[in-house]
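In the numbering used here, the protein residues as written are 105 to 1069.
Yeah, the Cβ is synthetic: ideal placement off N, Cα and C, and Gly gets one too.
Beneath this line is the structure, given in structure tokens, with notes to follow.
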């Protein structure tokens, strides 16, 4: 398909006039929800993980290839550049640009597994983790294994030719790519996997086709070019364009396909990529080898690689000093006096136990001959292996999190031939000393000669910027003198573009310039990336890091938090919330006021405050907790009217629950349309934070919670039933025979011979989440003391475990500790708070007999099950109930978040859309509805029921029915 070439104009007007013209053209082309033009939109989307900052004129969320073609046409007409953006995890400035930013993360997430898992077709917005999750049932995975796999996307992996810890060059993106669908700057769309792809390219783009043949022959005729390419691409190398394509492939379409790998959005848009996958090796053994010197470690690399090491992660003495305090007191490495020591984290992987045992024996033989300063033993224990990997992966966390406020965490990478590794590291340490980077640490993929190092300069200090410039010059000289590449994995971007010609020489640089001219003669796509538009590009447009809040100042803007955020597709993400705080702190008054106008809704109100972001953040930032504190500020300080109202509700919670049930009883007979109209009218004049949006899917009233003992004999457990279950009626199933979650737990205990006791005053008690999520600190504290006092008494001073029947309430009860002090804090520490799902699996399941089993069940893990670490327990109980358990790959926080799904139903609709589509796909594949839909929290069940139109229930409700006599 070829689009009509646009008639391009280059206005002489001021840039702001050109930007305004572009925005007007975009408004005429795209739907309002695809277009992002407000100051808050542009500021939030300008930042990526690099230390470069360029703010776009406009952002378009592309939903299709046609959208991309239209965006290119309009930008070309306006004479404005285009930057494609997906995960925003790039570290070299390649995802930051002026002009038009095209966001491809939301609309291109499809993943299709082909040929029994041997191939996989992906959209550029799919994260690597999501692709591998779909490949897992086939025991296959993608070849590239970048550390950012939780957040980086297929588009970025192709654009940067990503690799990783284990894949080397053999399983890199370039090596495992099967085909692409690409949109060229002209608007031509080409599927390189089509049998006639080369002929189609020649027909649609004759000059490009002929030009690629000319450049191929030019490269092949030059012996110096051939030798340089073979050398540089024998290593990991993401500097410049992938000119090895001119040697590795013959046809223009194959050359084009592989030139796009590593082109960083400068040659075209990859709308789809198909990869050859690699097998998953399920078994592993891991060990840490500690040497007295760097040379001892690097000398051992060859023997260990030949012995079968899949990964060999190097950590220098500075790195080991960083991790020493986190080691167990009995670990011999903790007490080792470090002076030039170097460690190699080694891992073996194998298909079966016999192969792993053989490989381990081989490595043990090699290790016995090495000059190790500490004994080594390879372990297969998952916990011990995880602890070893924490040492390596925790380096970034420790250094980035502890850096001085206002500094930038710069994570750089280079590669040299393995024989030059020791000398390079020695000289690199000298450069750190010379330029004042005393806190620098070095680690990397040793068997590939790939080094990563982190420094923390203050880029707003002219003296430090001069030092950084001098350090960069010395680094370039060192790496090139050692025969290496200035970028192994992170891409050229803007920060290394000025040095491409120095690495490749004038001839190959001219070839790369020719490539750009063939693909993009207007320099429409990402100008200044890969090929420089300024010799000082690495020192321009630098991102500054103003101090805004000690709870978020450590943020490195990596974006790892974004995939788990339920508001990511509707307003902003945790990273963007922090970015906006930083932007407002440094902004002029007008810009600050414009952003503040929308910050309350976009960032604060639509934060589900589920804190899943902290589970993904490498420096442990809980943005959800920060947003809750902003709600607290909005509510006023202690004693304010809002805080007094919250405290009053906490003191009379039983009455509040009764009033809520009465309201639901009144609403229940009303048609959904009438109820929705009434609440919509109220929301039109009152803040949405105060008036819920009710509809016909709202459950009826629940039953008042009552205290006392259930069952005979001595109680084994305290049940603290959720107040949500007491306010909202339970889903009883199609035949009305399911018990409530509370009733199901009591019945299961009775069936297992375990008596249950419920606190006498339970109807006036709560886990506190209601107050915590709204920032009502006075009421939260009041409820904390009331609830803990009742649980302390009922549990006989902590002798009995306390079980809750909703995962968010379990999480909430555990968080009550933050509101206690003195003796009550000590008493709380003696309470055992357990979720009902875990208690049933660990304490009751062996005493139960399954009498009827379902065929299929879909399971929605909740954010609280993640925080509690009980997702496995939830899925296991579902496996007892049903023969086939289906956990949608896109599961995540539903955004209902207590009452947030009623106050802001748009949040839940956005957060659940993809998971709901996957549930529907399961049903289509199985010719009808599944037998059950399960979760572990009432409000989450309500949210998923709304999203799917299917009746989600607590898994214990299903288990109770499955074990009836």
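Please go through the same chain and pick out, in chain order, the residues whose beta-carbon is closer than 6 Å to the beta-carbon of residue i, but skip the five residues on each side of it.
| i | result |
| --- | --- |
| residue 113 | Low per-residue confidence applies at residue 113: pLDDT is 41, beneath 50, and the placement is therefore not dependable enough to give any value. |
| residue 853 | 860 |
| residue 909 | 825, 826, 845, 846, 849 and 940 |
| residue 247 | 271, 275, 280 and 382 |
| residue 95 | The first residue shown for the chain is 105 and the last is 1069, placing residue 95 beyond what the model contains. |
| residue 809 | 825, 830, 866 and 867 |
| residue 69 | One cannot answer for residue 69 here, as it falls past the ends of the chain, which runs 105 to 1069. |
| residue 211 | 166 and 167 |
Quick check: the Cα distance between residue i and residue j, rounded to an integer number of angstroms?
| i | j | result |
| --- | --- | --- |
| residue 1050 | residue 845 | 19 Å |
| residue 1105 | residue 870 | Residue 1105 is absent from the model: the chain starts at 105 and stops at 1069. |
| residue 521 | residue 344 | 18 Å |
| residue 470 | residue 196 | 39 Å |
| residue 108 | residue 135 | Any reading at residue 108 must be qualified, since the residue scores a pLDDT of 37, below 50, and its modelled position is unreliable; no value is offered. |
| residue 1059 | residue 712 | 23 Å |
| residue 365 | residue 262 | 5 Å |
| residue 461 | residue 496 | 24 Å |
| residue 512 | residue 157 | 13 Å |
| residue 1023 | residue 467 | 46 Å |
| residue 452 | residue 424 | 22 Å |
| residue 309 | residue 290 | 9 Å |
| residue 590 | residue 582 | 10 Å |
| residue 811 | residue 900 | 15 Å |
| residue 765 | residue 837 | 21 Å |
| residue 631 | residue 594 | 18 Å |
| residue 1054 | residue 1016 | 13 Å |
| residue 541 | residue 1056 | 55 Å |
| residue 385 | residue 1026 | 28 Å |
| residue 106 | residue 215 | Below a pLDDT of 50, predicted positions are generally treated as unreliable, and residue 106, at 37, falls in that range; the measurement from the model is reported next regardless. Straight-line Cα distance between these residues: approximately 26 Å. |
| residue 160 | residue 675 | 17 Å |
| residue 626 | residue 605 | 21 Å |
| residue 111 | residue 998 | Any reading at residue 111 needs caution, since the residue's pLDDT is 38, under 50, leaving its predicted position unreliable; the model's value is listed next. Going from the Cα of residue 111 to the Cα of residue 998 covers about 46 Å. |
If residue i sits next to residue j, beta carbons under 8 Å apart, how far is it from one beta carbon to the other, in whole angstroms?
| i | j | result |
| --- | --- | --- |
| residue 960 | residue 841 | Rounded, the Cβ-Cβ distance is 19 Å, inconsistent with contact. |
| residue 138 | residue 633 | That belief does not hold up - the Cβ atoms of residue 138 and residue 633 are roughly 24 Å apart, past 8 Å. |
| residue 233 | residue 239 | About 11 Å; that fails the 8 Å criterion. |
| residue 190 | residue 208 | 5 Å |
| residue 572 | residue 516 | About 11 Å separates the two Cβ atoms, so there is no contact after all. |
| residue 153 | residue 661 | 6 Å |
| residue 369 | residue 613 | Contact doesn't hold; Cβ gap of about 20 Å is too wide. |
Name the DSSP beta bridge partners of residue i, please?
| i | result |
| --- | --- |
| residue 558 | 515 and 545 |
| residue 415 | 451 |
| residue 140 | 163 |
| residue 626 | Per DSSP, none; premise fails for residue 626. |
| residue 988 | 960 |
| residue 187 | 205 |
So, for residue i: in the same chain, excluding its five sequence neighbours on each side, which residues have a beta-carbon less than 7 Å away from its beta-carbon?
| i | result |
| --- | --- |
| residue 476 | 393, 394 and 395 |
| residue 978 | 941, 963, 965, 969, 1040 and 1059 |
| residue 754 | 875, 883, 886 and 887 |
| residue 130 | 139, 162, 164 and 178 |
| residue 704 | none |
Between residue i and the rest of its own chain, which residues show a CB-CB distance below 8 Å, the 5 nearest in sequence each way excluded?
| i | result |
| --- | --- |
| residue 420 | 398, 446, 529, 533, 545, 546 and 547 |
| residue 958 | 985, 986, 987, 1035, 1036, 1062 and 1066 |
| residue 602 | 636, 638, 639, 640, 641 and 642 |
| residue 685 | 652, 653 and 656 |
| residue 879 | 732, 733, 734, 735, 736, 737, 738 and 739 |
| residue 145 | 163 |
| residue 243 | 221, 383, 384 and 386 |
Indicate whether at least one CB of chain B lies closer than 8 Å to the CB of residue i.
| i | result |
| --- | --- |
| residue 147 | Annotation note: the requested chain B is absent from the structure, which comprises a single protein chain. |
Complete runs of the alpha helix (DSSP H) confined to the region 260 to 314 [at least 4 residues]: 277 to 280 and 301 to 308
Those runs of the beta strand (DSSP E) which lie wholly inside the region 996 to 1067 and span at least 3 residues: 1036 to 1039 and 1056 to 1058
Complete alpha helix (DSSP H) runs within the region 800 to 875 (minimum length 4 residues, chain order): 827 to 831 and 845 to 855
Runs of alpha helix (DSSP H) wholly within the region 568 to 616 (minimum 4 residues, chain order): Those alpha helix (DSSP H) runs which fall completely within the region 568 to 616 and span 4+ residues are 604 to 608.
Secondary structure, alpha helix (DSSP H): runs of 4+ residues fully inside the region 887 to 921: 911 to 919
Alpha helix (DSSP H) runs wholly inside the region 471 to 507, at least 4 long, in chain order: 486 to 506
Entirely enclosed alpha helix (DSSP H) segments - the region 376 to 407, minimum 4 residues: 398 to 403
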